[in-house]
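Read the structure below first, then the notes.
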Amino acid sequence: MSHHSHEPQVVVLPPNKEKIRHLWKVAGILLLITIFEFIIAFSMPHGTAKTAIFVIMTIVKAGYIVGEFMHLRYEAKVLFWSVLIPTLFIIWMLVAFVYEGMKLSDINFLGY
Amino acid sequence: MSQSTATTVPGRSVWDGGVSPMGVSYGKLMMWFFLLSDAFTFSGLLITYGLIRTSHPAYTLAHDKFVFSQDYWPVPEKVFEAVPFLHGVSLPLVFVGLMTFILIMSSVTMVLAVEAGHRMDRKAVEKWMLWTIIGGITFLSCQAWEWTHFIVGTEAGSTIKEFVNGAWTTRPIHGATLHENQYGPRDFADFFFFITGFHGFHVFSGVLLNFLIFYRTVTGSYERRGSYEMVEKVGLYWHFVDLVWVFVFTFFYLV
Numbered sequence: 000m001s002h003h004s005h006e007p008q009v010v011v012l013p014p015n016k017e018k019i020r021h022l023w024k025v026a027g028i029l030l031l032i033t034i035f036e037f038i039i040a041f042s043m044p045h046g047t048a049k050t051a052i053f054v055i056m057t058i059v060k061a062g063y064i065v066g067e068f069m070h071l072r073y074e075a076k077v078l079f080w081s082v083l084i085p086t087l088f089i090i091w092m093l094v095a096f097v098y099e100g101m102k103l104s105d106i107n108f109l110g111y
Numbered sequence: 000m001s002q003s004t005a006t007t008v009p010g011r012s013v014w015d016g017g018v019s020p021m022g023v024s025y026g027k028l029m030m031w032f033f034l035l036s037d038a039f040t041f042s043g044l045l046i047t048y049g050l051i052r053t054s055h056p057a058y059t060l061a062h063d064k065f066v067f068s069q070d071y072w073p074v075p076e077k078v079f080e081a082v083p084f085l086h087g088v089s090l091p092l093v094f095v096g097l098m099t100f101i102l103i104m105s106s107v108t109m110v111l112a113v114e115a116g117h118r119m120d121r122k123a124v125e126k127w128m129l130w131t132i133i134g135g136i137t138f139l140s141c142q143a144w145e146w147t148h149f150i151v152g153t154e155a156g157s158t159i160k161e162f163v164n165g166a167w168t169t170r171p172i173h174g175a176t177l178h179e180n181q182y183g184p185r186d187f188a189d190f191f192f193f194i195t196g197f198h199g200f201h202v203f204s205g206v207l208l209n210f211l212i213f214y215r216t217v218t219g220s221y222e223r224r225g226s227y228e229m230v231e232k233v234g235l236y237w238h239f240v241d242l243v244w245v246f247v248f249t250f251f252y253l254v
C-alpha cells in the first residue's frame, strides 16, 4: 500500500477472511498460554522450574505478539535482525544484574 | 504490508540509495527503532527490579502462613489478591489476569483495524479503532483501581518495627507510599509505582495516539491520502505496550 497517486474513487476490498481467522487464532493462543500460566501459578511449588516455565511462556507470548501482531516475521530479513540482534544486550544485562543481586544478598547476610 | 523488494541496477548495492532495503517507510522504520530503545528502558526497570529483589531476603516459610513483613520481599500473589466489589475475598492475581486479557483483546482489535486499513475500509477502521480505545481506557481504569487499593491498603495492614529514641518500637501501617508500605521493604512499593506507572503512562499516551488516529480516520484524512499507514505505525506502538505488559505480568506478578 505504498502508491501515492491521488484516487478520487476509493476501492474498498472485502475482508481478508483467511488473515482475520489467523489473527484470531494467534489471539486464542495468547489467551491459552495466559490461562496455562495461571494454572501453573497455583499448582506448582515455588522454585527454579516454575520460574523457568514462566520465562519460556513469556518469551513464546512475546514471539507471537512481535512476530504476528507487529508483523515482524513477514518483514525484510534486514529489518528482522536489526530489531532482534540488539536485544541480546538485554539478555546480558539480565544475567549480569541478577548475578550481582545474589552477591549483594550474600554480603547483606554476612553483615547481620 | 509492503514486501516490495525493489530490484536494483546490477553492480549497485541496495544501500546506495533510491530504494528501501528494509522494505518499510521511514516513519515505520523509526517507530521500530524507537520501540527498540523503549524496550531497553523497560528492561532497565525490570532488571533492576530483579537485582533489588534478589538482594533482599526471600520468604522461605510455608506458603499459607505468609504474613507481610519488612524483613523479606513479599510473595506477589499475596499482595495482589483483591478484586473490585468482592471485598475481603482472596482471589490472587485474578484482577491482574483480567487486565492482561483486556490488553490482549485491545491488541487484537488494533490488528484488525490495521487489516481494515489495508483494504481501505474506513468504516471497519473506525469500528476497530473505537474498540481499541475502549480497551485502553478500561485497562487504565482497572489500573487506577489497583493503585488505589495498593495505596490505601488492607484493614489488617502490618506492623513496622523501628528504632526510635534508643528503643525498638512497633506501629501499625496500612497501604503504601514511596517512603514505606505494609507489604514489605520500601523498594517493593517503589518498584510497583515506577514500573506499573511507567507502563500505565505508555498506555495513556497510546490511548491519546489511538484517539488521534480515530479522529483522522473519521474526518477522512487517510482516505484522501490513499493510505492507512498511520494506523500501522500507531498499531506498532500499541502492540509494544501489550508486549511490555506481558513481561511486567510475568516478572512483577507471577514470579
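Chains as they are written, first to last, in numbering that gives the first Met the number 0: chain A, 0 to 111; chain B, 0 to 254. The beta-carbon is built from N, C-alpha and C at its ideal position, and this holds for glycine as well. Source: prediction; values computed, not measured.
- Listed along chain B, the residues sitting closer than 7 Å to Lys60 (chain A) by beta-carbon distance are Val245.
- In this structure, DSSP gives Arg118 (chain B) a state outside helix and strand, which the three-state scheme calls coil.
- Residue environment: Asp70 (chain B) is assigned as exposed (fewer than 16 neighbouring CB atoms within 10 Å of its CB, all protein chains considered).
- Taking 9 Å as the Cβ-Cβ cut-off, the segment 40-53 of chain A approaches chain B at Ala40, Phe41, Pro44, His45, Lys49, Thr50, Phe53, given in chain order.
- The C-alpha of Arg72 (chain A) is placed about 16 Å away from the C-alpha of Leu34 (chain B).
- Contacts with chain B at 8 Å (Cβ-Cβ) do not include Lys16 (chain A).
- Chain B has a Cβ within less than 8 Å of the Cβ of Leu103 (chain A).
- Residues of chain A whose Cβ lies closer than 8 Å to the Cβ of Ile103 (chain B) are, in chain order, Ala26, Leu29, Leu30, Thr33.
- Boundaries of the beta strand (DSSP E) around Ile159 (chain B): 157-163.
- Within chain B, the residues whose beta carbon sits less than 8 Å from that of Gly100 (chain A) are Gly49, Leu50, Ile51, Arg52, Thr53, Ser54, listed in sequence order.
- About 10 Å separates the CB atoms of Leu90 (chain B) and Glu76 (chain B); that is not less than 8 Å, and the two are not in contact.
- DSSP, reduced to helix, strand and coil, places Ala175 (chain B) within a strand of the structure shown.
- Contacts with chain A at 8 Å (Cβ-Cβ) include Leu235 (chain B).
- Taking 8 Å as the cut-off, the beta carbon of His201 (chain B) is found no closer than this to the beta carbon of Val233 (chain B).
- The alpha carbon of Gln181 (chain B) has as its nearest neighbour, out of B:Phe197, B:Phe213, B:Thr108, B:His148, the alpha carbon of B:His148.
- The beta carbons of Thr249 (chain B) and Phe53 (chain A) sit closer together than 8 Å.
- At the C-beta level, Tyr214 (chain B) and Met30 (chain B) stay beyond 8 Å of one another.
- Residue ranges of uninterrupted alpha helix (DSSP H) with 4 or more members, entirely inside the segment 20-70 of chain B and ordered along the chain, are 25-53.
- Minimum Cα-Cα distance from Glu125 (chain B) among the listed residues B:Ile212, B:Thr40, B:Phe84, B:Ser54 corresponds to B:Ile212.
- Taking 8 Å as the CB threshold, Asp120 (chain B) lines the interface with chain A.
- Residue-level contact check: Leu78 (chain A) touches chain B, since one or more beta carbons of chain B fall below 8 Å from its beta carbon.
- In the structure shown, Arg20 (chain A) falls within a helical segment according to DSSP collapsed to helix, strand and coil.
- By the C-beta criterion, the segment 214-230 of chain B is judged not to be in contact with the segment 58-69 of chain B, since fewer than 3 inter-stretch pairs fall below 8 Å.
- In summary, His178 (chain B) is exposed, with fewer than 16 beta-carbon neighbours lying within 10 Å of its beta-carbon over all protein chains present.
- Put simply, the backbone Cα of Ile90 (chain A) is about 15 Å away from that of Ser36 (chain B).
- With a beta-carbon spacing of about 5 Å, Ile51 (chain B) and Asp186 (chain B) fall inside the 8 Å limit used to define contacts.
- Comparing alpha carbon positions, the residue from A:Pro44, A:Ile28, A:Val10 closest to Glu67 (chain A) is A:Ile28.
- Judged by DSSP in its simplified three-state form, Asn15 (chain A) adopts coil rather than helix or strand.
- Contact between the segment 87-101 of chain B and the segment 114-125 of chain B is absent: fewer than three C-beta pairs spanning the two stretches fall below 8 Å.
- The beta-bridge partner set that DSSP reports for Trp244 (chain B) is empty.
- Contacts with chain A at 8 Å (Cβ-Cβ) do not include Trp167 (chain B).
- If only complete runs of 3 or more residues are kept, the segment 170-236 of chain B shows no beta strand (DSSP E) anywhere.
- Residue B:Leu139 holds the alpha-carbon nearest to the alpha-carbon of Ser105 (chain B) among B:Val82, B:Leu139, B:Thr40.
- The criterion of a C-beta distance shorter than 8 Å is not satisfied by Gly96 (chain B) and Gln142 (chain B).
- Around the Cβ of Ser42 (chain B), a 10 Å sphere holds 16 or more other Cβ atoms; the residue is buried.
- Distance from the Cα of Trp130 (chain B) is smallest, within the candidate group B:Glu145, B:Ala112, B:Glu161, B:Trp146, for B:Ala112.
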